[in-house]
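Before any comments, here is the structure.
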Amino acid sequence: MGRKILFILLLFLISSMLFGADTDIFSFAKSISGKVIWDSRTGSGQISTSRYIYNFIPGVPWVVTDKGDKIGQDAIYIKNGMVMIPDALAKAVTSYNGTAAKKSASGHRVAAIFIDPGHGGKDPGAIGTHKKNGRSFKVMEKSAVLDVGKNLRNKLVSTYPDKKILMSRTGDTYPTLDERVKMANRVKLGPNETILFVSIHANASLKPQANGFEVWYLPQEYRRTVVDSQSINSTNKNLLSAVNTIAEEELSMESELLAKSVMSGMKDKIGKDIPCRGIKQESWFVVRNAKMPSILIEIGFVTNPKEGELLSSASYLQKISDGIYNGIKDFVYTFEHSGKK
Ligand SMILES: [Zn+2]
Numbered sequence: 028m029g030r031k032i033l034f035i036l037l038l039f040l041i042s043s044m045l046f047g048a049d050t051d052i053f054s055f056a057k058s059i060s061g062k063v064i065w066d067s068r069t070g071s072g073q074i075s076t077s078r079y080i081y082n083f084i085p086g087v088p089w090v091v092t093d094k095g096d097k098i099g100q101d102a103i104y105i106k107n108g109m110v111m112i113p114d115a116l117a118k119a120v121t122s123y124n125g126t127a128a129k130k131s132a133s134g135h136r137v138a139a140i141f142i143d144p145g146h147g148g149k150d151p152g153a154i155g156t157h158k159k160n161g162r163s164f165k166v167m168e169k170s171a172v173l174d175v176g177k178n179l180r181n182k183l184v185s186t187y188p189d190k191k192i193l194m195s196r197t198g199d200t201y202p203t204l205d206e207r208v209k210m211a212n213r214v215k216l217g218p219n220e221t222i223l224f225v226s227i228h229a230n231a232s233l234k235p236q237a238n239g240f241e242v243w244y245l246p247q248e249y250r251r252t253v254v255d256s257q258s259i260n261s262t263n264k265n266l267l268s269a270v271n272t273i274a275e276e277e278l279s280m281e282s283e284l285l286a287k288s289v290m291s292g293m294k295d296k297i298g299k300d301i302p303c304r305g306i307k308q309e310s311w312f313v314v315r316n317a318k319m320p321s322i323l324i325e326i327g328f329v330t331n332p333k334e335g336e337l338l339s340s341a342s343y344l345q346k347i348s349d350g351i352y353n354g355i356k357d358f359v360y361t362f363e364h365s366g367k368k
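Per our numbering, residue 28 is the first one in the sequence shown, and the count goes up by one each step.
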């Protein structure tokens, strides 16, 4: 008698381990405050919660979230006409759903920062030739801006492990302007995610006394196609142009804010060393073709004797990088925390 009960109990335990803990998909969705959308035509389904959407196909041993993450355990299956989710998978989805999406208070997020040190390789950019202690030395724009770009990248990488920090070049190479823009435009972004484009250059002038740093951004009036018909899934020309205008205005406003923020960051760091020439508007090739808030920084004049010397000092280049970094950090904070950008 006792042994029989034990046996039945054991059988019950095993069967509940095997089947009993599995839940039907609707009850499971309810447990994470989600909804099930089932497409009988394709035999696939979705569980959608306020945070994520989970796509599944019965028999396929994983679900894929709308963030592209694969949660792989056992497959969702159909039993007696019911769609069932195995216990282990249910637990995995529940815990995934418990992690907040990397969303900011404003719902907008800077997902990537693209740093573009100008020139490189066969293109040295501006060159300054100066004398110090009777010896002449050269300052090349391509090297100074590469150093600043790398310093900047290092600081951004350690502050934002969750953002993509990219560079158009990390060595003495020459990507064309077109290639630089394409690289940045190729970065995959989610909805409400933005990439910042920061181009770094140095100035030159026939007048050796010309000096100072400046930050450029895209002018408001410059027209371009920011949203293409594919991305809003419409062929309606009027709707398209309306969406375009809005996106474009937001972009150039953001570019201006980014420019201002970077300028004041630089002023704090190098304002005592060299003058600030302010914010300028221009439709630079690199900036104008980038579908993202974009600025171009001129870190100083390689042709100015004092600045030429500063721009060949590693510690000064670090100071410039710190200034740009502080400016970007302030912008990112405002962008991600303001109610509406
Ligand atoms: Zn340049």
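Glycine included, C-beta positions come from ideal geometry on N, C-alpha and C.
Pair within 7 Å by beta-carbon distance, residue i and residue j
i: residue 224; j: residue 111; result: no
i: residue 239; j: residue 301; result: yes
i: residue 168; j: residue 229; result: yes
i: residue 11; j: residue 306; result: Because the chain spans 28 through 368 in this model, residue 11 falls outside it and cannot be assessed.
i: residue 242; j: residue 286; result: yes
i: residue 62; j: residue 71; result: no
i: residue 124; j: residue 64; result: no
i: residue 349; j: residue 288; result: no
Residue i, enclosing alpha helix (DSSP H) - first and last residue
i: residue 109; result: Run containing residue 109: none in the alpha helix (DSSP H); it sits in the beta strand (DSSP E), 109-112.
i: residue 300; result: First-last for residue 300: undefined, no H or E at that position.
Backbone CA spacing between residue i and residue j [nearest angstrom]
i: residue 98; j: residue 78; result: 15 Å
i: residue 200; j: residue 173; result: 10 Å
i: residue 331; j: residue 153; result: 11 Å
i: residue 283; j: residue 351; result: 15 Å
i: residue 137; j: residue 219; result: 9 Å
i: residue 88; j: residue 100; result: 6 Å
i: residue 359; j: residue 52; result: 40 Å
i: residue 144; j: residue 186; result: 20 Å
i: residue 81; j: residue 90; result: 6 Å
i: residue 166; j: residue 83; result: 59 Å
i: residue 226; j: residue 213; result: 17 Å
i: residue 237; j: residue 304; result: 10 Å
i: residue 328; j: residue 233; result: 10 Å
i: residue 182; j: residue 158; result: 33 Å
i: residue 66; j: residue 196; result: 46 Å
i: residue 209; j: residue 280; result: 22 Å
Cβ neighbour criterion (16 or more within 10 Å) applied to residue i
i: residue 244; result: buried
i: residue 206; result: exposed
i: residue 343; result: buried
i: residue 160; result: exposed
i: residue 170; result: buried
Residue span of the beta strand (DSSP E) that contains residue i, given as start and end
i: residue 308; result: 303-308
i: residue 326; result: 321-328
i: residue 364; result: Per DSSP, residue 364 belongs to no beta strand (DSSP E); it is in the alpha helix (DSSP H), 341-364.
i: residue 230; result: 220-230
i: residue 143; result: 136-144
i: residue 99; result: 97-99
i: residue 106; result: 104-106
Pick out the complete beta strand (DSSP E) segments inside the stretch 43-80, 3 residues or longer, and give them in chain order. 62-66 and 71-75
Every unbroken alpha helix (DSSP H) inside the stretch 160-246 [4 residues or more]: 168-186 and 204-212
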